[in-house]
Amino acid sequence: MELSPLKPLLAVALLVCFAFPSCTRADNVSGRCVPMSLCDRFGDLVLDRNPNFKYNGSLPDAYKCPSDTSDSTSMCCAQPDTAHGLIRYAKAWKLRLDKCGLIGMPHRVLAGEEADVGEFPWMANLMFFWLKNSKSIKTTVCSGTLIHAQYVLTAAHCFKLEFRPTFVRLGEHDLSREKDCVENECVEYIEYVIKNWVAHEKYRGLKGQYDIALVHLNGTAEIIVDRIYPICLPVTTQWLMMKPSDLIASGWGLTESGRYPDVLRFTTMHTLKDRPYYCKKEQMICARGSKGETHCRGDSGGPLQRAVPYGDRYRMVLFGVISGGVNECSVEDKSVGVSVSVAYHIK
């Protein structure tokens, strides 16, 4: 299927929960009065226009909330530009926030570790099937994230590769095994043919701000906790405004040793405020590990995620889709991983 214009065929069901009052800044930008800690890039919002500004408890007039809602810790924070969203708020009853991203405790923070079986049940492996010497070969093309029983979010460039993914594997952990076992309990992965896919209408074949696509499965995944389970999307006002300082990347991408792992791995990434020239757009997330590591080939399309408290539980929320990794994954090259901010593609 060729890249097609964005069409309103995607009825990914989301629950919208607006908790903060609306406001209009002095520069006519619409937003919501939120705590400063929840404002998307608060420091840059102020410093972009006032390079010498130092916060001393008083905001510039343009960022102040109306008098009836303002306090010393709130500001009128611009909402992400969602004019060209890929995911639509539609039929909100279909996907609820109590049915996604379920985890027991805040995620452990480690670097380059193997994941436990079922630790990231929303992980999807996008694969290509081909024949070699009359033997069928299945190859990983990209990673993805299950956001609904029929939909996976991934990177658009995955469908511009020489070998385009033709099916999606869910419930996968160790690629070298048909079953993944914990003690005496074993589970098998499930595969679904890709029925359809659509990329962002502004995607032009480059990795970056519009490198995002939605995959429609030819079937409905059976949702099973700790095995196959959708991640949460950033659809509450709090989550839309968040730009976490730490995010977790997971996938089957190239390791520092130059090998593709069989077992799903994850690492903690730190978002950068001092962005390189190729990662300046607000729709991008720039991140690097504490030791300089970044996501690599094979991680493309996978999630940048963070455990966030919701009610009396923590939920894993999808904040970014990995756009591209470097060819060589040495920590010495100080490369920066570029991902697409999911919040900017929801409308």
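Following numbering that gives the first Met the number 0, the numbering of the sequence shown begins with 0 at its first residue and continues without gaps. Note that CB positions come from ideal geometry on N, CA and C, so glycine has one too. Values in this document were obtained by computation on a predicted structure and should not be read as measured data.
Around the C-beta of Tyr228, 16 or more other C-beta atoms lie within 10 Å, and the residue is accordingly described as buried. Excluding five sequence positions before and after Asn217, the CB atoms of its chain that fall closer than 8 Å to its own CB belong to Tyr191, Val192, Ile193, Lys194, given in chain order. Residue pairing of Met283 in beta bridges, as defined by DSSP: Val339. As a beta-bridge residue in DSSP terms, Ala77 pairs with Gly30. For Leu232, the secondary structure class from DSSP, reduced to helix, strand or coil, is coil. Taken atom to atom, the span from the alpha-carbon of Asp225 to that of Arg314 is near 13 Å. Distance from the CA of Lys280 to the CA of Asp115, rounded to the nearest whole angstrom, comes to 35 Å.
When Cys231, Gln304, Ala148 are compared, the shortest CA-CA separation from Leu169 is found for Ala148. Three or more Cβ pairs closer than 8 Å define a contact, and the segment 337–344 meets that threshold against the segment 300–320. Secondary structure note for Cys185: its beta strand (DSSP E) is the uninterrupted segment 184–187.
In the three-state DSSP reduction, Phe119 falls in the coil class, being neither helix nor strand.
Annotation: the continuous beta strand (DSSP E) that includes Arg168 extends over 166–169. According to the DSSP assignment, Pro59 belongs to no beta strand (DSSP E), since it is labelled neither H nor E. DSSP places Tyr150 inside the beta strand (DSSP E), whose first and last residues are 150–153.
A direct Cα-Cα distance of roughly 35 Å separates Cys278 from Ala220. Looking at the backbone, the Cα of Leu58 and that of Cys285 are separated by about 27 Å.
In the DSSP assignment, His147 falls within the unbroken beta strand (DSSP E) covering 134–147. Taken through DSSP and simplified to helix, strand or coil, Leu239 comes out as helix.
Scanning Leu317, Cys180, Tyr188 for the CA closest to the CA of Trp238 turns up Leu317.
Relative to the Cα of Pro243, the nearest Cα in the group Pro65, Gly252, Thr267, Arg176 belongs to Thr267. The Cβ atoms of Val197 and Thr153 do not sit closer than 9 Å to each other.
The residue from Phe158, Gly310, Met283, Tyr309 with its alpha-carbon nearest to that of Ile321 is Met283.
Taking the Cβ atoms as the reference, Phe127 lies roughly 5 Å from Val140, within the contact range of under 8 Å. Distance from the Cα of Phe265 is smallest, within the candidate group Tyr62, Ile230, Arg24, Glu112, for Glu112. The beta-bridge partner set that DSSP reports for His344 is empty. Arg312 has its alpha-carbon roughly 32 Å from the corresponding atom of Ala155. Residue pairing by DSSP leaves Lys98 without any beta bridge partner. Gly204 and Gly252 have their alpha carbons spaced roughly 21 Å apart.
Ile193 is bridged by DSSP to Leu216. Partner residues in a beta bridge of Ser322, as assigned by DSSP, do not exist.
In the structure shown, Phe158 adopts helical secondary structure according to DSSP, grouped into three states.
The C-alpha of Glu184 is placed about 46 Å away from the C-alpha of Lys201.
Residue range 302–309 is occupied by the beta strand (DSSP E) that includes Leu303. Counted as a single uninterrupted DSSP element, the beta strand (DSSP E) harbouring Gly250 occupies residues 245–250.
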